[in-house]
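Down below is the structure, laid out as structure tokens.
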Amino acid sequence: SLRCDQTSNLCCRKDYYVDFRDIGWNDWIIKPEGYQINYCMGQCPPHVASSPGMASSSHTAVLNLIRAHNVQAGGQSCCVPTHRRPLSILYFDRNSNIVKTDIPDMIVDACGCS
Amino acid sequence: GGGTPGCPSCRMPTLEPGTERRFLLELAKRQILEKLHLSERPNITQPVPRVAIANALHRLHVGKARQEGQPGPFDRWDGPNADELGYEIISFAKTEFSSPSSTGLRFRFSRGPGRDVHILQAQLWLYVRAPRSGLSPVTLRVSLAGALLSERQLEARAGGWQTFTLLPVLQAFFRGQEKTLRLELECRGCQANATAGSDAGGSHQPFLVAKATVREPGQRVAKR
Chain A
862 SLRCDQTSNL
872 CCRKDYYVDF
882 RDIGWNDWII
892 KPEGYQINYC
902 MGQCPPHVAS
912 SPGMASSSHT
922 AVLNLIRAHN
932 VQAGGQSCCV
942 PTHRRPLSIL
952 YFDRNSNIVK
962 TDIPDMIVDA
972 CGCS
Chain B
1311 GGGTPGCPSC
1321 RMPTLEPGTE
1331 RRFLLELAKR
1341 QILEKLHLSE
1351 RPNITQPVPR
1361 VAIANALHRL
1371 HVGKARQEGQ
1381 PGPFDRWDGP
1391 NADELGYEII
1401 SFAKTEFSSP
1411 SSTGLRFRFS
1421 RGPGRDVHIL
1431 QAQLWLYVRA
1441 PRSGLSPVTL
1451 RVSLAGALLS
1461 ERQLEARAGG
1471 WQTFTLLPVL
1481 QAFFRGQEKT
1491 LRLELECRGC
1501 QANATAGSDA
1511 GGSHQPFLVA
1521 KATVREPGQR
1531 VAKR
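Line by line, the protein sequences give chains A and B. Counting from 1 along the first sequence, just add 861 to a position and that's the residue number in the working numbering. Counting from 1 along the second sequence, just add 1310 to a position and that's the residue number in the working numbering.
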């Protein structure tokens, strides 16, 4: 998936690290100290609509252009997460027990056009 | 709102830097509480001594379970089914003195309404200080509501961490509605306070470690 940089406004993954000290939760979350929440942003013009956000081959790009010129009006494609990872977390519950679990779909890994 | 319109159907406006930080910190908080099924962040009213935590985590990673080649709790594991959340929990005992040779061990667990908890592993870890003198063997007995659960004789002058498997006890406990599990620990032939961690600040506090899968209310039943 594309990572956002200044040069492109196409659909991409914007990295953002949340430090649990910034939200005052480092007293009950033992590990990790924070995590990459990341999010998706950028445009999804017709010729990349519904592409998985991977670098398309030239063949796919040509196909997309043909499709774009025949695209019917209506239907807007959005830049959304296409792959997310779990977050392994060790924390205190309200009885001061230590709990370890994997929270699913917490880290946005890849973005693409819906 | 305002600024250049984002994607009309997902209404995601382009985030200004200040907004980005506030928005993402709030999103992270909401996501974590929602996915841990917590209505609010836990307030730690009775913190466990850090040294007791370090000792417990050290035992679980280096301890006997690993030497016997079994994957110890808190190790990587193949995890639960897709529709169940896997949990591993360490619960430190609150100790109550019943008599010089016996101690009450109280464990508290949170119970979410309608959550289906399946206990897969449960072990009680106890630290026994070796007797300074005498050659009589030491006998450890663990009971629940007067019913003997497990008994072990230690060689004379033996001490250190002892583990007791309590799977049926914890499975029965989680089938009930109780929040507090109270075990009775008896140490025959021991010196007073032989279960070293009994005092609150003890670095060798007794603890219970369990592995469980939890199915939330309304979650589809996993196909076997």
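Don't be surprised by glycine CBs; every beta carbon is placed ideally from N, CA and C.
query: Alpha helix (DSSP H) segment containing K1489 (chain B), residue limits; result: It is not in any alpha helix (DSSP H) - K1489 (chain B) carries neither H nor E in the DSSP assignment.
query: F953 (chain A) Cβ short of 7 Å to the ligand PLP heavy atom set; result: As presented, the structure is devoid of all ligands, the ligand PLP included, so that no description of it is given.
query: Between the CA atoms of W1471 (chain B) and K961 (chain A) - distance to the nearest angstrom; result: 22 Å
query: C-beta atoms of E1365 (chain B) and H1514 (chain B) nearer than 8 Å; result: The sequence given here places Asn at residue 1365 (chain B); Glu does not occur at that position. Going by C-beta atoms, N1365 (chain B) is nearer than 8 Å to H1514 (chain B).
query: The region 866–883 of chain A: positions lying closer than 8 Å to chain B by Cβ; result: Y877, V879, D883
query: Selection from A:I964, A:D970, A:C972 that minimises the alpha carbon distance to R1340 (chain B); result: A:I964
query: Members of the region 1349–1362 of chain B that neighbour chain A once the beta carbon cut-off is set at 8 Å; result: R1351, P1352, N1353, I1354, T1355, Q1356, P1357, V1358
query: Neighbour flag for I968 (chain A) against chain B, beta carbons, 8 Å; result: no
query: Cross-chain neighbours of R864 (chain A) in chain B, by beta carbon under 9 Å; result: Neighbours of R864 (chain A) on chain B: none; closest Cβ ~16 Å, over 9 Å.
query: Helix, strand or coil at R874 (chain A) according to DSSP, with G and I counted as helix; result: strand
query: A916 (chain A) to C940 (chain A) span [Cα, whole Å]; result: Residue confidence for A916 (chain A) is low, a pLDDT of 42 falling below 50, so the modelled location carries little weight; the figure read from the coordinates is stated next. Taking the straight line from one Cα to the other gives about 15 Å.
query: Collapsed DSSP secondary structure at T1473 (chain B) in the structure displayed; result: strand
query: Beta-carbon contacts of G1389 (chain B) that lie in its chain and below 8 Å, excluding the five residues immediately before and after; result: Residue placement at G1389 (chain B) cannot be trusted, given a pLDDT of 45 that sits under 50; what the coordinates show is reported in the next sentence. Taken in chain order, the residues that qualify are G1396.
query: Where P942 (chain A) falls: helix, strand or coil (DSSP); result: strand
query: When B:G1456, B:G1486, B:V1448, B:E1488 are compared against Q1463 (chain B), the one with the closest alpha-carbon; result: B:V1448
query: Chain D contacts made by the region 954–968 of chain A, where a contact means CB separation under 9 Å; result: The structure shown contains no chain D; its protein chains are A and B.
query: Reduced DSSP secondary structure (H/G/I, E/B, other) of I898 (chain A); result: coil
query: Top-ranked residue by Cα proximity to C1497 (chain B), from B:L1454, B:T1405, B:T1413, B:K1404; result: B:T1413
query: Spatially closest choice to T1473 (chain B) from B:Q1487, B:C1500, B:L1450, B:L1337, by CA coordinates; result: B:L1450
query: Length of the line joining the Cα atoms of K1345 (chain B) and G885 (chain A); result: 19 Å
query: Enclosing alpha helix (DSSP H) for T868 (chain A) [first to last residue]; result: It is not in any alpha helix (DSSP H) - T868 (chain A) carries neither H nor E in the DSSP assignment.
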